[in-house]
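Order-wise, the sequence lines are chains W and Y.
The numbering used here numbers the first residue of the first sequence as 1 and each following residue consecutively.
The numbering used here numbers the first residue of the second sequence as 1 and each following residue consecutively.
Reviewing the structure listed below.
Number of protein chains: 2
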Amino acid sequence: MANVSIRDVARHAGVSVGTVSNVLNRPDAVSEDSVTRVQTAIEELGYVRNEAARKLRAGVSATVGFVVLDGQNPFFYDVVRGAEDEASRHGIAILYGSTGEDVNRERTYLDLFEEQQVRGLLIAPYGDVNRRLERLRERGIRAVLVDRFSGENKFSSVSVDNVAGGRMAVDHLVATGRRRIAFVGGPFAMRQVTDRLAGARVAAEGADVPVELEVVATEAMSVAEGVTAGERILRRPREDRPDALFAVNDLVALGLLQSLVGGRRVMVPEEVAIIGFDDISFAAAAAVPLSSMRQPSATIGMTALRVLLEEAGDPTLIPRQTVFQPELVVRRSTDPQPGRKG
Amino acid sequence: MANVSIRDVARHAGVSVGTVSNVLNRPDAVSEDSVTRVQTAIEELGYVRNEAARKLRAGVSATVGFVVLDGQNPFFYDVVRGAEDEASRHGIAILYGSTGEDVNRERTYLDLFEEQQVRGLLIAPYGDVNRRLERLRERGIRAVLVDRFSGENKFSSVSVDNVAGGRMAVDHLVATGRRRIAFVGGPFAMRQVTDRLAGARVAAEGADVPVELEVVATEAMSVAEGVTAGERILRRPREDRPDALFAVNDLVALGLLQSLVGGRRVMVPEEVAIIGFDDISFAAAAAVPLSSMRQPSATIGMTALRVLLEEAGDPTLIPRQTVFQPELVVRRSTDPQPGRKG
DNA sequence: GAACGAACATGAAACGTTTCAACGCGATTC
DNA sequence: GAATCGCGTTGAAACGTTTCATGTTCGTTC
Numbered sequence: 001m002a003n004v005s006i007r008d009v010a011r012h013a014g015v016s017v018g019t020v021s022n023v024l025n026r027p028d029a030v031s032e033d034s035v036t037r038v039q040t041a042i043e044e045l046g047y048v049r050n051e052a053a054r055k056l057r058a059g060v061s062a063t064v065g066f067v068v069l070d071g072q073n074p075f076f077y078d079v080v081r082g083a084e085d086e087a088s089r090h091g092i093a094i095l096y097g098s099t100g101e102d103v104n105r106e107r108t109y110l111d112l113f114e115e116q117q118v119r120g121l122l123i124a125p126y127g128d129v130n131r132r133l134e135r136l137r138e139r140g141i142r143a144v145l146v147d148r149f150s151g152e153n154k155f156s157s158v159s160v161d162n163v164a165g166g167r168m169a170v171d172h173l174v175a176t177g178r179r180r181i182a183f184v185g186g187p188f189a190m191r192q193v194t195d196r197l198a199g200a201r202v203a204a205e206g207a208d209v210p211v212e213l214e215v216v217a218t219e220a221m222s223v224a225e226g227v228t229a230g231e232r233i234l235r236r237p238r239e240d241r242p243d244a245l246f247a248v249n250d251l252v253a254l255g256l257l258q259s260l261v262g263g264r265r266v267m268v269p270e271e272v273a274i275i276g277f278d279d280i281s282f283a284a285a286a287a288v289p290l291s292s293m294r295q296p297s298a299t300i301g302m303t304a305l306r307v308l309l310e311e312a313g314d315p316t317l318i319p320r321q322t323v324f325q326p327e328l329v330v331r332r333s334t335d336p337q338p339g340r341k342g
Numbered sequence: 001m002a003n004v005s006i007r008d009v010a011r012h013a014g015v016s017v018g019t020v021s022n023v024l025n026r027p028d029a030v031s032e033d034s035v036t037r038v039q040t041a042i043e044e045l046g047y048v049r050n051e052a053a054r055k056l057r058a059g060v061s062a063t064v065g066f067v068v069l070d071g072q073n074p075f076f077y078d079v080v081r082g083a084e085d086e087a088s089r090h091g092i093a094i095l096y097g098s099t100g101e102d103v104n105r106e107r108t109y110l111d112l113f114e115e116q117q118v119r120g121l122l123i124a125p126y127g128d129v130n131r132r133l134e135r136l137r138e139r140g141i142r143a144v145l146v147d148r149f150s151g152e153n154k155f156s157s158v159s160v161d162n163v164a165g166g167r168m169a170v171d172h173l174v175a176t177g178r179r180r181i182a183f184v185g186g187p188f189a190m191r192q193v194t195d196r197l198a199g200a201r202v203a204a205e206g207a208d209v210p211v212e213l214e215v216v217a218t219e220a221m222s223v224a225e226g227v228t229a230g231e232r233i234l235r236r237p238r239e240d241r242p243d244a245l246f247a248v249n250d251l252v253a254l255g256l257l258q259s260l261v262g263g264r265r266v267m268v269p270e271e272v273a274i275i276g277f278d279d280i281s282f283a284a285a286a287a288v289p290l291s292s293m294r295q296p297s298a299t300i301g302m303t304a305l306r307v308l309l310e311e312a313g314d315p316t317l318i319p320r321q322t323v324f325q326p327e328l329v330v331r332r333s334t335d336p337q338p339g340r341k342g
C-alpha cells in the first residue's frame, strides 16, 4: 500500500529527485550532508527502489536468467547454487527455469527471459540452441554456456575437461588392477558423453598393460537407465562381465550400483569396480561409497556468472572458454584388489 | 540492438499504440482485422514486449519469488519444479533463491524480490520470517508458505500432514513386526520434525502390541548427520539396538543406511528396518531401496503457486491452509520379517 | 433522414526511475 | 574585481507500456 517513490524521498529530505537518484547510484558525486539526509529519509519512509522503473529508464537489469535442461541432476543444483552465491553478492536475482527435454518449454523460457530483459543468460543446453542464442545476442542479451564447451567460439562457456576426466577415470581403474572396462552412458549426441568416452579410450590405449574397453549404451543419464544397463550386464555369464564400470555420470553409476549390489549378486568393488562422474553428494552416501570424477560445480556456476557479468558490462569482449580440470575422488567402489589378475 | 517498441509496431501496422496494446492484452475488444495486422507487424519486426515498462505502468508483475531455505534437499527441487511447471503455464517467471541457514542471505533475497516487485512470494522457511512477511504484505506482496503449516492463519500455506505421516510410518514398522523403534532426526525447532515425531508417538502408543519408541537426535536433516547417528547406534551392544529406524527425512535415512550397511555390520532390513520421509528419487536408488513416506512434492509446488496467484489476484481472500496426505511407499528396507519376535 | 447506440480506434497522460544540460556559488587565479 | 573553475544541485525529458476519456464510424430504429 505504502508506495513511496523517489519523489517522496526527495521532498522529505528537502532535495531534488536527481540528488536522491545520485545518492542511490553514485554516492561520491554528492555531498556528505545530502547523503545522510537522503538516507534517513529513505529509512523513515521505508522507501524501496522500483526495479521496473529503473530497468525501463536505464535499460540495465538486475536479473540473470538460468536455464537448466536437466533439472533432475543434482550436479546442476550445485552449479545453480554457485551462480546464486555470486549473484547475490552483486545484488542480482536469478530467474530460474528447468525444462527437461521439452523444447517448447525451453522456448517459453527464453521468450519469458527476453521479455524480462535479463542482463544475460546462463544456459546448460541439452540440444542445439545456437540459433536462438544468436538471436538473443542481437537483441543485446549475452549468453554463457554452462557445462558445455562451445567449440565454435561464438559464446563464452564454462565447463570441465571431460576428455581429461574420462582419461583419469580409466587410468585409475587400470592402476587399481582392472583390465576389462565398460563405459556405460549415453546419449551419444551429447558432447559430455562423447568426450568422456574419448578420454577413456585414450587411457585404455595408452596403458602399459592390455586393457579392453567396451561401450554399454544408455538412452539417458539417469538412475533408471543405469539400472537397466546393470541388468543387461548381469545377464551375461560371469566370465564375460567387465571387472570395472565407468559410468558417464553419478546417476548412471548409482543405478548400476543398485542393480549389481541390490540383489547381492555381485560384490562391489571385489568383482566389479564402479566409478562415476560429477561427485554429487549422494555419491559419498551410496551404500558402497562411489568413486567419482569431481567437477567443481559451485565454482563452475560462480565463474559462469562472473563471465556473464563482465561480458554484459563490455559487449566488445570476445567469447572465452573456461575449462576446469576434474579431480579424482577415490572411495570404496574402486578399492584396489591386490590379489587381482594382471 | 533492434529495440522495437509498441510504437514501431503501431506505425508498421497502421494503427494506434492503444490498439496494439489492446491486441496484446484483450484481443476481443478489437476487430479481427486489427488483430491480424498487428500480429503480422509484430512478427515482421520481431517485437518483444518490454516487461519492465509493463510492470511500471500496470503495476502487475509476471514474476514470482521462491525462497528455499534448505537448498540441499532434493525434495525441494521437486517442489520448485512443480511450481515452475504451473508458472510457465501462466507465463510467469520464477525468481529463485536458496539461502542455506544464512539469515542475511534470506534478507538480501527478500529485499531483492521486493525491488523486483514480484507478484508474490513462495517461501519454505527455516526460521522465523513472519515479521518480515507481514511487512511485505503491507506493501502488497503476498506470501504462501510451503512445506510449513501456518498455524496462526496469517498466511496461506501448502504442506503435508506430518503427524499423519509419522503415524503411518510407525504403523507400518509395527505391522511388519518391529517393536523397538527409534526416531532419528532434528533439530526440534523445526515444526516438521516435531510433527513427525508426534505422529510416531501416537502410533507407538496406539499399537495393539507393546512398542518402544526412542529418539535419536540429530542437529540437521542431512546425510552427514544420518551417518553420525548411525555410528552412535552401532556403538551400542547388539541387543540394545532398535530393530527399526524412522528417519525424519530421506537424507538422514540414507546416512543411516550408509553407516549401517556400509561396513556390512548390520543387515537391512533383516536386523534393522529403515524408513525415511519425502521419497526423494535417490530413495529408490539406494543399495537397499528405501521405504519412505512420499510427499506429493510437485503437487505441493503447483498448488502453492496457484494459491499465490489467486490471492495476488484478489487481496481480500483470507489465508487458507492446504494439507496433503503423505503416502506410504514400501521398498526393501522395511521388508517384513515373518520369523521375527513379537 | 435524424437520432441513437454499439463497436472500435485514438492519443495523451501516467507509472518511477535515470540522465544530462544548465545553474548557483564559493574559491582560485590573473 | 573580473574571469575561470569545480563541486553540487536542479528539474525536465525520456524510457515503453497501459489506461481511459474522447472520437469516429456504421448499422438500426422510428
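We put the beta carbon where it would ideally sit given N, CA and C, even for glycine.
All values derive from a computational prediction rather than experimental measurement.
- At least one C-beta of chain W is nearer than 9 angstroms to the C-beta of Arg-105 of chain Y.
- Scanning Y:Phe-188, Y:Val-202 and Y:Val-184 for the CA closest to the CA of Leu-251 of chain Y turns up Y:Val-184.
- In the three-state scheme derived from DSSP, where H, G and I count as helix and E and B as strand, Thr-63 of chain W is classed as strand.
- Distance from the Cα of Gln-321 of chain Y is smallest, within the candidate group Y:Ser-333, Y:Ile-300 and Y:Glu-327, for Y:Ile-300.
- For Arg-294 of chain W, the uninterrupted beta strand (DSSP E) run begins and ends at 291–294, by DSSP.
- Secondary structure remark: continuous alpha helix (DSSP H) runs of at least 4 residues inside the region 150–220 of chain W, in chain order: 162–175 and 191–206.
- For Ser-98 of chain W, the residues of chain Y that pass the 7 angstroms Cβ criterion are Arg-81 and Glu-84, in the order they occur in the chain.
- Residue-level contact check: Thr-36 of chain W does not touch chain Y, since none of the beta carbons of chain Y fall below 9 angstroms from its beta carbon.
- With a threshold of 9 angstroms between beta carbons, Glu-115 of chain Y makes contact with chain W.
- Taking C-beta separations shorter than 6 angstroms and ignoring five residues to either side along the sequence, the partners of Pro-319 of chain W in its chain run Asn-153, Phe-155 and Ser-156, following chain order.
- Our two residues, Leu-45 of chain Y and Val-64 of chain Y, have alpha carbons roughly 29 angstroms apart in a direct line.
- Judged by beta-carbon spacing, Tyr-96 of chain W lies within the 9 angstroms limit of Glu-84 of chain Y, meaning their Cβ atoms are closer than that value.
- Straight across, the Cα-Cα distance linking Pro-296 of chain Y with Tyr-77 of chain Y is about 12 angstroms.
- Sequence-ordered contacts of the region 256–285 of chain Y with chain W read Leu-257, Gln-258, Val-261, Gly-262, Ser-281, Phe-282, Ala-284 and Ala-285 [C-beta pairs closer than 8 angstroms].
- Neighbours of Leu-121 of chain Y in chain W, taken as residues whose beta carbon is under 8 angstroms from its own, are absent, since the nearest beta carbon is some 12 angstroms off.
- The three-state secondary structure of Val-146 of chain W, taken from DSSP, is strand.
- Restricted to the region 255–291 of chain Y, the beta strand (DSSP E) segments that are unbroken, complete and at least 3 residues in length are 273–278, listed in chain order.
- Straight-line spacing of the CA atoms in Thr-108 of chain Y and Arg-236 of chain W works out to 56 angstroms.
- Leu-45 of chain W sits in a helix when the DSSP states are folded into three classes.
- With three or more CB-CB distances shorter than 8 angstroms, the region 268–276 of chain Y counts as touching the region 171–181 of chain Y.
- Around the beta carbon of Ala-247 of chain W, a 10 Å sphere encloses 16 or more other beta carbons of the protein chains shown; the residue is thus reported as buried.
- For Asp-335 of chain W, the closest of W:Thr-316, W:Val-288 and W:Thr-303 by C-alpha to C-alpha distance is W:Val-288.
- Annotation: Val-329 of chain Y to Leu-173 of chain Y spans about 12 angstroms, alpha carbon to alpha carbon.
- At a C-beta separation below 8 angstroms, Asn-50 of chain Y has these neighbours in chain W: Leu-56, Glu-115 and Gln-117.
- An exposed status is given to Met-267 of chain W, since fewer than 16 other beta-carbon atoms sit within 10 Å of its beta-carbon.
- The Cβ atoms of Gly-166 of chain Y and Arg-119 of chain Y do not sit closer than 9 angstroms to each other.
- Taken through DSSP and simplified to helix, strand or coil, Gly-14 of chain Y comes out as coil.
- Listed along chain W, the residues sitting closer than 8 angstroms to Leu-254 of chain Y by beta-carbon distance are Phe-282 and Ala-285.
- Proximity of chain Y to Pro-74 of chain W at the Cβ level (cut-off 7 angstroms) is accounted for by Pro-74, in chain order.
- Under a criterion of Cβ atoms nearer than 9 angstroms, no residue of chain Y is adjacent to Gly-230 of chain W; the nearest Cβ is some 11 angstroms distant.
- Judged by their CB atoms, Met-302 of chain Y and Glu-327 of chain Y are not nearer to each other than the 9 angstroms cut-off.
- Excluding residues up to 5 positions away in sequence, Ala-124, Pro-125, Ser-157, Ser-159, Arg-191 and Gln-192 lie with their Cβ nearer than 8 angstroms to the Cβ of Arg-148 of chain Y in the same chain.
- Listed along the chain, the chain W residues whose CB falls inside 8 angstroms of the CB of Leu-95 of chain Y are Thr-63, Ala-93, Ile-94, Leu-95 and Tyr-96.
- For Ser-98 of chain Y, the uninterrupted beta strand (DSSP E) segment begins and ends at 93–98.
- Proximity of Ala-53 of chain Y to chain W, defined by a Cβ-Cβ separation below 9 angstroms, is satisfied.
- The alpha-carbon separation between Val-215 of chain Y and Ala-283 of chain W amounts to approximately 28 angstroms.
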